[in-house]
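Chains as they are written, first to last, in this note's numbering: chain D, 52 to 407; chain G, 64 to 227.
Positions of the beta carbon are idealized from the N, C-alpha and C atoms, including for glycine.
Quick caveat, the model's predicted, so the values are computed rather than measured.
Pasting the structure below:
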């Protein structure tokens, strides 16, 4: 400093003194105020008393002295009056000098900048937290969607087990299903002597027989493009010509009947070959789904009733068909005529027997 | 006159200034105002056998705790470690600050405050973690500078510890 000209030193002194409100304290080895001066009023410290312990008068000094690392700088200390000071400590023999330089404006500036920076950091932290939560939520959602999709596929599979695929599709689209089909063939088949046979072989064997019979009915329905509509006790009801119409519904169902009968003859029931009684009739029906929770796809109409009556009138091992079905079969199927028979609720009916 | 220097330590925006204001002046401001530099407050605490003036050093919570001036803690007799219960990373920051202080000045009494306990929805510190810390014999408090919950308890506990 002494290398600078007096004028410059003077200017620097004025600059700092007025610009930074310089004040000082001198602390002796007993940590008492030894001297004070400068603009202490600016910091609200003009009442500090010489000879009294500094820590009792200026709380920030509690415990700070003696300080082994002098000079020491404490930046931006806010004093009780609200002014902010940069505090410089430096040693002089046994004494310590405290220099106060006003830093209120710098502190306020720095606070504004720091505030922005921290707010930004907090926002980023929050964003990261929210993103993590979002990812976790998405993952949970994905898993429940997968579970839902598995459930859906299961439900779908179950639905297809009880309804024709095209009907199931329409039902899912909330359509009401009641269709007129002008031309279908309907078959009924049951087991001859079922009640007596069941009594003699017991329930387990009976169930096995029924299982064999209905599985064969299912398998052949798939083979010949027919639909198994339902089973009633030991009786199965099968239709050809729906849900999609086909011109050869009678032929398809006739072939179905022949092979179903053959399948029966390969199994034994109560010590004899499993014999069926089969009836077929062709005509118009109404098909639809009834029920809301337990769906049942079923057929209604005179054609259905007559097919059932023809079936009950059939002899063991016989495939008995109506005249309407016979007319549709054409020359490919040679049938034996039967005597006109009185059927309950219908009157006299002309029927044919479909040989092997 | 008995007076004890206490330092508030913790990451930024964990609530050090708000806790001091709640304890000293019983007020809370929703506005976040970051502390720059050093701010000193004093509060007389009346204990069963004595009265002590706590000189509370509210130190700027650095973003980068490496830049924390450990030398400011010289002469302190106790620490208030402050964690923001809605930001998990602030626990590590508080513990690191304590380690740095102890490396310089040796072990000293402290209380550990998980602050912002009113923000239940955003709370991220599991109870098990708090239990673990208590198992170590630490004085742990769930505080809210907003409601004042457990704030006085924590400071009184520390006052008792530093005057023993």
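Whole-angstrom distance between residue j and residue i, CA atom to CA atom
i, j, result
"residue 148/G", "residue 206/G", "9 angstroms"
"residue 81/G", "residue 110/G", "23 angstroms"
"residue 389/D", "residue 305/D", "17 angstroms"
"residue 281/D", "residue 242/D", "15 angstroms"
"residue 86/G", "residue 191/D", "43 angstroms"
"residue 66/G", "residue 110/D", "9 angstroms"
"residue 80/D", "residue 142/D", "11 angstroms"
"residue 112/G", "residue 96/G", "37 angstroms"
"residue 68/D", "residue 146/D", "23 angstroms"
"residue 270/D", "residue 307/D", "10 angstroms"
"residue 173/D", "residue 114/D", "34 angstroms"
"residue 165/G", "residue 141/G", "11 angstroms"
"residue 400/D", "residue 196/D", "58 angstroms"
"residue 375/D", "residue 352/D", "15 angstroms"
"residue 176/G", "residue 170/D", "22 angstroms"
"residue 299/D", "residue 186/D", "58 angstroms"
"residue 227/D", "residue 360/D", "30 angstroms"
"residue 395/D", "residue 313/D", "29 angstroms"
"residue 209/D", "residue 365/D", "34 angstroms"
"residue 198/G", "residue 86/D", "52 angstroms"
"residue 261/D", "residue 391/D", "32 angstroms"
"residue 293/D", "residue 370/D", "21 angstroms"
"residue 88/D", "residue 176/D", "48 angstroms"
"residue 165/D", "residue 194/D", "43 angstroms"
"residue 120/D", "residue 55/D", "29 angstroms"
"residue 135/G", "residue 178/G", "23 angstroms"
"residue 183/G", "residue 155/G", "21 angstroms"
"residue 66/D", "residue 161/D", "22 angstroms"
"residue 255/D", "residue 207/D", "31 angstroms"
"residue 239/G", "residue 137/G", "Residue numbering for chain G in the displayed model covers 64 to 227; residue 239/G lies beyond these limits and cannot be assessed."
"residue 70/D", "residue 94/D", "14 angstroms"
"residue 319/D", "residue 325/D", "5 angstroms"
"residue 315/D", "residue 221/D", "35 angstroms"
Close beta carbons around residue i, own chain, < 6 angstroms, minus the five adjacent residues each side
i, result
"residue 91/D", "74, 97"
"residue 321/D", "248, 251, 252"
"residue 153/G", "74, 77, 146, 147"
"residue 60/D", "none"
"residue 135/D", "127, 129, 154, 155, 158"
"residue 102/G", "121"
Assumed close pair residue i, residue j - CB separation to whole angstroms, cut-off 8 angstroms
i, j, result
"residue 68/G", "residue 139/G", "5 angstroms"
"residue 237/D", "residue 287/D", "Not confirmed; about 11 angstroms, so no contact."
"residue 105/G", "residue 116/G", "6 angstroms"
"residue 83/G", "residue 64/G", "Not really, about 21 angstroms apart at Cβ, beyond 8 angstroms."
"residue 125/D", "residue 116/D", "With a Cβ gap of about 12 angstroms, residue 125/D and residue 116/D do not count as contacting."
"residue 8/D", "residue 357/D", "What the structure shows of chain D is the stretch from 52 to 407, and residue 8/D is not part of that stretch, so it cannot be assessed."
"residue 44/D", "residue 337/D", "Outside the shown range of chain D (52 to 407) lies residue 44/D, about which nothing can therefore be said."
"residue 187/G", "residue 151/G", "5 angstroms"
"residue 224/G", "residue 189/G", "Contact doesn't hold; Cβ gap of about 26 angstroms is too wide."
"residue 331/D", "residue 283/D", "About 17 angstroms; that fails the 8 angstroms criterion."
Cβ-based neighbour list, residue i, same chain, cut-off 8 angstroms, excluding 5 preceding and 5 following
i, result
"residue 302/D", "379, 380, 381, 383, 384"
"residue 114/G", "65, 107, 108"
"residue 311/D", "240, 267, 268, 271, 327, 329"
"residue 200/D", "none"
Beta-carbon contacts of residue i that lie in its chain and below 7 angstroms, excluding the five residues immediately before and after
i, result
"residue 202/D", "none"
"residue 216/G", "204"
"residue 341/D", "347, 349"
"residue 245/D", "285"
"residue 224/D", "none"
"residue 398/D", "none"
"residue 214/G", "82, 85, 86, 206, 208"
"residue 149/D", "75, 76, 78, 138, 140"
"residue 82/D", "104, 105, 106, 116"
"residue 219/G", "108"
"residue 118/G", "66, 67, 68, 69, 103, 105"
"residue 222/G", "108, 110, 115, 117"
Selected residue, minimal CA-CA separation from residue i, among the options
i, options, result
"residue 328/D", "337/D, 313/D, 362/D", "362/D"
"residue 133/D", "154/D, 143/D, 295/D, 149/D", "154/D"
"residue 235/D", "66/D, 334/D, 368/D, 67/D", "334/D"
"residue 279/D", "78/D, 130/D, 347/D", "347/D"
"residue 60/G", "79/G, 118/G, 88/G", "Residue coverage of chain G in this structure runs from 64 to 227, which leaves residue 60/G outside it and unanswerable."
"residue 193/G", "211/G, 184/G, 174/G, 209/G", "174/G"
"residue 144/G", "161/G, 219/G, 135/G, 132/G", "161/G"
"residue 297/D", "275/D, 316/D, 218/D, 318/D", "275/D"
"residue 122/D", "58/D, 144/D, 355/D, 108/D", "144/D"
"residue 168/G", "181/G, 201/G, 132/G", "132/G"
Query raised in the report: Which runs of the beta strand (DSSP E) fall wholly inside the segment 118-201 of chain D and span at least 3 residues, in chain order?
Result: Secondary structure remark: continuous beta strand (DSSP E) runs of at least 3 residues inside the segment 118-201 of chain D, in chain order: 123-129, 135-143, 146-153.
Query raised in the report: Where in the segment 70-111 of chain G do unbroken runs of the alpha helix (DSSP H), each at least 4 residues long, occur, reported from the N-terminal end onward?
Result: The segment 70-111 of chain G contains these whole alpha helix (DSSP H) runs: 79-88.
Query raised in the report: At what residue ranges does the segment 305-392 of chain D contain a whole run of the alpha helix (DSSP H), taking only runs of 4 or more?
Result: Restricted to the segment 305-392 of chain D, the alpha helix (DSSP H) segments that are unbroken, complete and at least 4 residues in length are 353-364, 374-380, listed in chain order.
Query - Sequence ranges, beta strand (DSSP E) only - wholly within the segment 202-257 of chain D, length at least 3 - result: Fully enclosed beta strand (DSSP E) runs of 3 or longer: 229-242.
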